Amino acid sequence: MNKGVLESTAELLVSPGKGILATDATEGTMDKRMQAVEVAPSPELRRKFRELLLTTKDASEFISGVILNDEIIRQKTSGGIDFAKLVENQGMIPGIKVDKKANDMANFPGEKIAEGLDGLRDRFIEYKNMGARFAKWRAVITIGEGIPTDVCIESNAESLARYAALAQEADIVPIVEPEVLMEGNHGIGRCEEVTKKVLKSVFKKLTDHRIVLAGMLLKPNVVHPGKDSQEKADNEVVAEKTLKVLHETVPEEVPGILFLSGGDSAPEMTQHLDLMNEKGSHPWELAFSFERALEGPSLEIWKGNDANWEAAQKEFYKRARLNSLARTGAYTKEMEAENG
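Just so we're aligned, residue 1 is where the sequence shown starts under full-length UniProt numbering, counting upward by one.
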């Protein structure tokens with residue numbers, strides 16, 4: 001393990017004004033998103049859409065790194081360039097999603113556990129040779145009647161820590177993503193309680209596994225009511241409760257926190273990020289690692305039609321730029337009306 005490499009890469013990923021594009025949706029998830037915008041999905045269209053995003057001119061002004069998945073990192077552009085190499089050529093850092101999908105947790109109905117630890121050491125060697133310098137592992141926690149259980153929280157935290165240890169062993173910066181899902185009718189107070197409990201467990205396990213905190217990044221959810229809740233919380237409350245939980249659980253050694261977009265719309269997530277950065281200084285950088293909130297609007301414009309290529313790239317550039325502004329609290333809702 002080279003601590004210097006880990007720490008310098010982690011710092012680059014949360015450079016001022018920048019965040020991460022997570023274009024790592026599984027084949028099935030990406031196909032569903034294409035169908036939602038009336039596109040007949042195919043492996044070639046998935047590849048082509050990633051090429052659209054990653055060839056956007058000057059995106060590296062706002063995007064520090066790109067999370068790929070196993071399918072994409074093995075693919076090439078239409079010009080024959082490996083995608084990881086394209087990311088590098090564009091001035092960004094290639095990363096890789098390494099968890100395999102979350103599966104039902106045996107004996108714990110309604111709860112999930114991510115798999116993929118078996119063989120991960122060898123996979124890290126392969127991905128590093130392909131150009132990956134950071135990685136991501138996502139664990140999902142569901143709020144419902146009687147859940148999450150302590151066993152589910154601790155099992156997922158243990159998996160995150162074991163993954164992080166293997167990543168750092170390979171000089172790959174681990175992004176640790178414990179996501180408390182939006183699904184459910186719970187209130188914001190319940191989300192706050194569960195998110196705090198999850199993050200405490202995660203950092204306890206990371207410490208137990210001797211993770212170099214200065215050489216990792218956290219990717220959490222924001223704290224808000226479940227999407228089926230009757231309770232509504234304005235953005236100020238969401239920002240305040242999210243920051244409260246983070247200040248109570250995240251060690252100062254962690255260089256950055258990269259928010260996931262969950263089920264919020266692109267403008268909503270930009271607003272959340274902006275408000276949190278407005279509220280004074282924090283011991284860590286508050287950045288973004290968005291998928292749908294960065295690439296979703298572009299997919300809706302592109303629709304698999306090359307005639308919309310330039311317009312879709314323009315929208316991607318705009319969303320990246322607005323999130324960059326949100327990193328300093330300089331974003332305003334009025335900017336949404338701007339053209340690119």
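Backbone N, C-alpha and C define an ideal beta-carbon position, used for all residues, glycine too.
Every value quoted in this text rests on a predicted model; they were computed, and no experiment measured them.
Limits of the alpha helix (DSSP H) - the one that residue i falls within
| i | result |
| --- | --- |
| F83 | F83 to N89 |
| N129 | L120 to N129 |
| M269 | A266 to E278 |
| F316 | W309 to A326 |
| S8 | K3 to L13 |
| V194 | I188 to D208 |
N-terminal and C-terminal residue of the beta strand (DSSP E) that residue i is part of
| i | result |
| --- | --- |
| I175 | V173 to V180 |
| F290 | E285 to F290 |
| G80 | Here G80 belongs to no beta strand (DSSP E), and DSSP marks it neither H nor E. |
| L21 | G19 to A22 |
Residue burial classification, residue i (beta-carbon count within 10 angstroms, cutoff 16)
| i | result |
| --- | --- |
| H186 | buried |
| E334 | exposed |
| N277 | buried |
| Q230 | exposed |
| P255 | buried |
Reduced DSSP secondary structure (H/G/I, E/B, other) of residue i
| i | result |
| --- | --- |
| K241 | helix |
| D99 | coil |
| L117 | coil |
| K136 | strand |
| L258 | strand |
| S64 | strand |
| I153 | helix |
| K32 | helix |
| G215 | helix |
| P94 | strand |
| I73 | helix |
| I301 | helix |
| D58 | coil |
| D306 | helix |
Within-9 angstroms CB hit, residue i to chain B
| i | result |
| --- | --- |
| A102 | The structure shown has no chain B; it contains just one protein chain. |
Distance between beta carbons of residue j and residue i, contact taken as under 8 angstroms
| i | j | result |
| --- | --- | --- |
| L176 | V194 | The residue you asked about is not Leu; residue 176 is Val in the sequence shown. Between V194 and V176 the Cβ distance is about 17 angstroms, and since that is not below 8 angstroms, they are no contact. |
| V173 | M130 | V173 to M130, Cβ: 16 angstroms. No contact. |
- Query: Would the region 293 to 310 and the region 27 to 36 be scored as touching if the rule is three or more Cβ pairs under 8 angstroms?
  - Reply: With the cut-off at 8 angstroms, the region 293 to 310 and the region 27 to 36 touch.
- Stretch-stretch touch, CB-based, cutoff 8 angstroms, three pairs: the region 131 to 138 with the region 88 to 99: Output reads yes: the region 88 to 99 touches the region 131 to 138.
- Message: Count Cβ pairs between the region 109 to 120 and the region 141 to 150 that sit closer than 8 angstroms; are there 3 or more?
- Response: Contact between the region 109 to 120 and the region 141 to 150 is present, with at least three C-beta pairs closer than 8 angstroms.
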